[in-house]
Amino acid sequence: MLSFVISRLLSALFVIFGVSCLVFFLIHLVPGDPVEVMLGESSQPADREALRAALGLDQPILVQLMNYFNGLLHFDLGESLHSKRPIADMLMERIPATATLAAAGLLVAVIIAFPLGIMAAMKKDTAWDSGAMFFSLFGISIPNFWMGPLLILFFSLWLGWLPVSGQSGIESLVLPALTLGTALAAILARMIRATLLEVMGEDYIRTARAKGLSERAVIMNHGLKNAMLPVITLLGLQLGALLGGAMITEIVFSWPGIGQLTIDAINRRDYPVVQACILLISLTYVVVNTLTDLVYAWMDPRIRLGNAQ
Amino acid sequence: MMRLWFPAAIFILWFVLALFGQLFSLSPDHIELSRILLPPDANEWFGYDDLGRSLWDRLIVGAQTSFIVSIAVVAISMLIGVTIGSFSAFIGGWFDHLIVRIIDIFLAFPGILLAIALAGLMGPGIDNVVIALCVVGWVGFARLSRAQVMTLKNRDHVQAAIALGASRSRIIFKHLVPLMAAPLIVEATFAIASVVIAEAGLSFLGLGIQPPTPSWGSMIRDGTRYMLVAPHMVLVPGIALMLVVLSVNLLGDRLRDWLDVRTRDRH
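Protein chains in written order, with my numbering: chain A, 235 to 543; chain B, 1261 to 1527.
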C-alpha cells in the first residue's frame, strides 16, 4: 500500500509541475507583445517598460520560470494589473462561492442519479429503463449555458419562484446547482445502471437471493456496495467537468466565483489573474483525482496489492 | 426506429444546411429596425432578434459555423492524436513514458478550462477557436489509439511486417490504424458532439466566433438579455444546438452497438 501511495503522490507531483509550466507559458501565447496587449496600443513606452519589468518579462525565460516557481511555493501569485491587489487575496475571496456551487451541483447530481440509475437497472428493458436512459442522454446533450437560461425562463420569469441571479440565500443556489448538476447526474445514472447490471449477475447476488433476502436488501447491501467502486472513480474524474461547467454556470447566473473572475480577467486582459485562476482550478482537479485514486485503493485491496497498471 | 431515423434526419439536415445554406440567399446581418424582437409568425417561423435580424438566417449560418469548426477540430485532433498515440505505444520505452506524462498533464485541465484559457489569451476568431479546441481534443484520440496499439502490436501480421523490415509509419498506418477504425469512428462521433458544445460555449462567453458572424452560442448569449420580452431568441438557437448534440450522441450510441465496440459505461 505504501509504495502505491508513494508512486501515486510522485506522479501527482509531476503532473502539478507540468501543469504549472504549461500555465506559465500560456502568457507567451498572447499574439504580439503581451505588455502592449495589456496596456493598449496607445500606451506610453515608459509605462510598457515599467510593466514589463514588474512582470519580469524583460528577463531571460529561465529566470522568469524560476521566479514564477519561487512565487508559487510562497503562495505569492503577484498582483492584479487591474485592481493592483494581491491575486492570492482575490482568489481566496472567490473560492467559497465556487466551492459552494460545485458542492451543491454534486449533491443535485447524486440525488438525481442514484434513484434513476437503480430504477433503470432494476426495470431493465422496460419503458422505465428506456425513459431513464433517454432522459440521461438529454442531460448530457443540454449545455450549461442553455440549461441555465431555460431554468431562469421557467422558474424565475414565468413562475416567479426563484431569483434570476446573484447570491442571496439558499433560493439563489437552487437554479445554478440544478444547471450544473444535471449533466453529471446523467452520466452518473448511466454508470450506476451499467455497473449495477454487471454486479447483479455475480454469484454472491444469487446466494443473497437464495438465502431469502428481500430484493431491496439484495440491491442495497450486496449490489450497490460492489457497484460503488467504478462510480466513485467516475465521480472523481467528472469533478473536472463539474469545475469547468461551474465556470460557465457562474457566468449565466452572475455567481461571484472563480469562473466569473477568470472571464472578467480575460476581458480586462489581466493575464496574471487568468493564469492564477487556471492554475487553481486544474491543481484542485489534480489533488481531487489523486485523492480519489487513494480512496479507491483503500476501499479495494485488489488494486493496491495487484500491479497498478 | 426512433433511435435511428430521428437522429439521422437531424444530422443530415444539419449537414445539408451547413453545406448548401448559401443557396437560400441569406442575409444574417441585415438589420431591420422595424422588426426588432418580433416573435415567430407564419412568414418568419423563428422571429427576429434584438437588431431585427432574421433568426432563421442566423440559425443556418450558425449551423455552418458549428459544422465547419467541429469537423475541422475532430479531423485535426484525430490526425495528431492517432499519430502521437500510435507511435508512442509502438516505439515504447522512454518515449512512451514521456508521452503518457504529457497526456496526463493535458488531462489535468478540467473540461473546457484549457480551451477557455487558450481562446482568451490568443484572442477571439474562428481559427483560434479551432486551435484551442484541437489542443484539448487530441488527447482523447491519443489515449485511445495508444491503448489499441498496445493490444494490437503483438499480432502476427504486425510481427511479420516488422520482420519484413517495413518502416514504423508504414506498419502504423497500413497495418494498425485500419484495425482500430471502429473505436476511432465511435470516439470521433462523440467528439463531434462535445466540440459543437465547446464552440458554442466559447462563443457564449464571447471568446469564440466574433459578431456579427452568427454562432449558436453567441445567439444564446444575446437572447439571455431579452428573455422576458423575446424568449424565442434564446429558445431557437438552444433547441437547434440541443437537437444536433442529442442526435450526434444517439448516432454514436448506435454506431457503438453496430460496430460492437466494447466499453464499460454502456450496455
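Beta carbons: idealized from backbone N, C-alpha and C, even for Gly.
Query, Result
"Residues in the stretch 1382 to 1407 of chain B with C-beta within 7 Å of chain A's C-beta atoms, listed in sequence order?", "Met1382, Gly1383"
"Can you tell me the Cα-Cα spacing of B/Val1396 and A/Val398, whole angstroms?", "33 Å"
"Whose Cβ in chain B lies nearer than 9 Å to the Cβ of A/Leu384?", "Val1494, Leu1495, Gly1498"
"Report the partner residues of A/Ser406 according to the DSSP bridge assignment.", "Its beta-bridge partners do not exist; DSSP assigns none."
"Note down, in chain order, each residue of its chain lying with its Cβ closer than 7 Å to the Cβ of B/His1527, except the 5 sequence neighbours on either side.", "Per-residue confidence for B/His1527 stands at a pLDDT of 37, beneath the threshold of 50, marking its modelled position as unreliable; the derived number appears in the next sentence. Around B/His1527: no qualifying Cβ."
"Per DSSP, what kind of secondary structure is A/Glu313 in: helix, strand or coil?", "strand"
"Would a C-beta distance cut-off of 7 Å place A/Gly373 and A/Thr413 closer than the cut-off?", "no"
"Taking the alpha-carbon of B/Leu1378 as reference, which of A/Thr483, A/Phe259, A/Gln494 has the nearest alpha-carbon?", "A/Phe259"
"Count the CB pairs spanning the stretch 350 to 357 of chain A and the stretch 424 to 439 of chain A that are closer than 8 Å, and state whether there are at least three.", "yes"
"Given a limit of 8 Å on CB to CB distance, which residues of the stretch 1443 to 1462 of chain B reach chain A?", "Ala1453, Ile1457, Ala1460, Gly1461"
"Determine the closest residue to B/Asn1388 out of B/Val1399, B/Val1333, B/Ile1363, B/His1435, with distance taken between C-alpha atoms.", "B/Val1333"
"So who's on the other strand from A/Pro320, going by DSSP bridges?", "A/Glu313"
"Pairing CB atoms from the stretch 1454 to 1463 of chain B with CB atoms from the stretch 503 to 522 of chain A, are three or more of them under 8 Å?", "no"
"Name, in chain order, the residues that DSSP records as bridge partners for A/Ser370.", "In the DSSP output, where bridge partners are listed per residue, A/Ser370 has none listed."
"Enumerate in chain order the residues of its own chain whose CB-to-CB distance from A/Leu550 is below 8 Å, with the five nearest sequence positions on each side excluded.", "Any answer about residue 550 of chain A is impossible in this case: the structure gives chain A only from 235 up to 543."
"When you compare the CB positions of A/Ala322 and A/Phe309, do they come within less than 7 Å of one another, or not?", "yes"
"Report yes or no: is there a C-beta of chain A within less than 7 Å of the C-beta of B/Ala1377?", "yes"
"Let me confirm a value: B/Ile1272 is counted as buried when at least 16 other C-beta atoms fall within 10 Å, else exposed. Which label applies?", "exposed"
"Apart from the five residues just before and just after A/Gly481, which ones in its own chain have a Cβ nearer than 6 Å to its Cβ?", "The sequence given here has Met at residue 481 of chain A, not Gly. Excluding positions up to five away in sequence, the list reads Gly493."
"Please state the DSSP three-state secondary structure of B/Asp1525.", "Unreliable placement is indicated for B/Asp1525, whose pLDDT of 42 sits below 50; the coordinate value is still reported in the next sentence. In the structure shown, B/Asp1525 sits in coil (DSSP, three-state: anything other than H, G, I, E or B)."
"Would you kindly report the start and end of the unbroken alpha helix (DSSP H) that includes A/Ser254?", "236 to 260"
"By Cβ distance, which residues of its chain are closer than 7 Å to A/Gly305, with the 5 residues on each side in sequence left out?", "Leu311, Gly312"
"Quick one, are the C-beta atoms of B/Ile1340 and B/Ser1348 less than 7 Å apart?", "no"
"Looking at chain B, is there any beta carbon in it that lies within less than 7 Å of the beta carbon of A/Tyr519?", "yes"
"Return the residue from the list B/Val1329, B/Ser1475, B/Ala1368, B/Val1418 that minimises the CA-CA distance to B/Pro1438.", "B/Val1418"
"Going straight from the alpha carbon of B/Pro1497 to that of B/Trp1476, what length do you get?", "5 Å"
"Rounding to the nearest angstrom, what Cα-Cα distance links B/Ile1452 and B/Gly1371 in this structure?", "15 Å"
"Using a Cβ-Cβ distance cut-off of 7 Å, determine whether B/Pro1370 contacts chain A.", "yes"
"Looking only at its chain, what residues have a beta carbon closer than 8 Å to the beta carbon of B/Phe1450, apart from the 5 residues adjacent to it on each side?", "Val1508, Asn1509, Gly1512"
"In the DSSP assignment, find the unbroken alpha helix (DSSP H) run with B/Pro1497 in it and report its ends.", "1492 to 1519"
"With distances taken from CA atoms, which of A/Ala475, A/Leu299, A/Pro464 is nearest A/Ala336?", "A/Ala475"
"Could you have a look at A/Gln543 and say whether DSSP puts it in helix, strand or coil?", "Note that A/Gln543 scores 43 on pLDDT, short of 50, meaning its location in the model is unreliable and no value can be drawn from it."
"When the distance is taken between beta carbons, is B/Gln1408 closer than 7 Å to B/Arg1382?", "Correcting the residue identity first, residue 1382 of chain B is Met in this sequence and not Arg. Taking 7 Å as the Cβ cut-off, B/Met1382 and B/Gln1408 do not qualify as a contacting pair."
"Note the first and the last residue of the continuous alpha helix (DSSP H) segment covering A/Lys459.", "458 to 486"
"Closer than 7 Å between beta carbons: that is the criterion. Which residues of the stretch 467 to 479 of chain A meet it against chain B?", "Gly474, Ala475, Leu477, Gly478, Gly479"
"Less than 8 Å between C-beta atoms, sequence neighbours within five positions excluded: which residues of the same chain meet that for B/Val1390?", "Val1329, Ala1332, Val1333, Ile1336"
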